[in-house]
Amino acid sequence: MNFTVVNHEIKVGRIKSAGVSSSALFLIGDANFLILTSILDTPPESLAAGPFVPLVFNVPGTPA
Amino acid sequence: MLRHVSIVNQINVISMGIDGVLQIGDSNMIASRNRDILVQREESFYLAQEGSFEKYVMFTDTEITIPTRQTSVRMHVVNTNPFVRVDRVEIISLLSSGIIHIGSTDYVFNNSRILQIRQFISEDPFEETPSERSLIP
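Protein chains in written order, with the numbering used here: chain A, 40 to 103; chain B, 1095 to 1231.
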């Protein structure tokens, strides 16, 4: 399939953003190919109560 | 492909953290990787020797898929105006493989994995305190 795009004038006044994080891309310009992935995991096992101990290892991962 | 020339009058970034990138000018390839373990504790307490990425499945798992290009579309772009103009950009924070890029690029690969752990002293950290309870009618 062929797909043609014609860009005329591209003009923006003001951009305000609170945050660009976790693999985000703020791009002013052209790009060909982008792969952006991010995982933020807060498993229930990560909530630990009681006296402080060193970090618990072997926390199960999130099922695929 | 004829690329745009990006024109930005003014840019204002207040805070740049771990693995934040502010790129001015064209680039060909960007590969940005970020791994974080966040530990939030009710009281400030720090053990210097703890924390290891290898011990968590999330950081070592190779099964987590990364999207690949699957298209048969042939894209043709015609830029009648060679400029992209932005007057003003205001960004408060930039972190964890976040990128601000002014200019054109070919290929970007960003990958971020963050594990958050919370530790409390109290048995029930979400129990209401008497002062909070009095606010509820």
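Here a beta-carbon is modelled for each residue, glycine too, at the ideal position from N, C-alpha and C.
Verify the contact flag: residue i, CB atom, against every heavy atom of the ligand MN, threshold strictly below 6 Å.
| i | result |
| --- | --- |
| Lys1149/B | Summarising the ligand content, the structure contains no ligands, and the ligand MN is consequently not present. |
Once DSSP output is grouped into helix, strand and coil, what is the label at residue i?
| i | result |
| --- | --- |
| Thr1154/B | helix |
| Glu1148/B | helix |
Using beta-carbon positions only, say whether residue i and residue j come within less than 7 Å of one another.
| i | j | result |
| --- | --- | --- |
| Arg1135/B | Gln1213/B | yes |
| Ser1191/B | Ser1206/B | yes |
| Ile54/A | Val1202/B | no |
| Ser1126/B | Gly68/A | no |
| Asn41/A | Asn1173/B | no |
| Arg1179/B | Lys50/A | yes |
| Leu1189/B | Gly1114/B | yes |
| Pro63/A | Thr1199/B | In the sequence on display, residue 63/A carries Ala and not Pro. No, the pair does not count as a contact, with Cβ atoms beyond the cut-off. |
| Val1107/B | Ile1185/B | yes |
| Glu48/A | Asn1204/B | no |
| Phe65/A | Ile1194/B | yes |
Measuring straight from C-alpha to C-alpha, what distance separates residue i and residue j?
| i | j | result |
| --- | --- | --- |
| Thr1165/B | Ile1124/B | 22 Å |
| Ser1121/B | Glu1137/B | 44 Å |
| Gln1104/B | Asp1181/B | 6 Å |
| Ser60/A | Val1102/B | 21 Å |
| Val44/A | His1098/B | 14 Å |
| Ser56/A | Leu1132/B | 24 Å |
If I follow the unbroken beta strand (DSSP E) through residue i, where does it start and stop?
| i | result |
| --- | --- |
| Met1110/B | 1099-1110 |
| His1195/B | 1193-1196 |
| Gly58/A | 49-60 |
| Tyr1201/B | 1201-1214 |
| Asp69/A | Where Asp69/A is concerned, there is no enclosing beta strand (DSSP E), given that its DSSP letter is neither H nor E. |
| Glu1184/B | 1177-1189 |
| Met1037/B | Lying outside 1095 to 1231, the shown extent of chain B, residue 1037/B is not represented and no answer is given. |
| Phe42/A | 41-46 |
| Arg1116/B | Contrary to the premise, residue 1116/B reads as Leu rather than Arg in this sequence. Segment 1115-1118, the beta strand (DSSP E) holding Leu1116/B. |
- Query: Counting pairs of Cβ atoms below 8 Å between the region 1151-1158 of chain B and the region 1166-1173 of chain B, do you hit three or more?
  - Reply: no
Margin query: Is it the case that the region 1143-1150 of chain B contacts the region 59-78 of chain A, given that we only count it when at least three CB pairs across the two stretches are under 8 Å?
Written below: no
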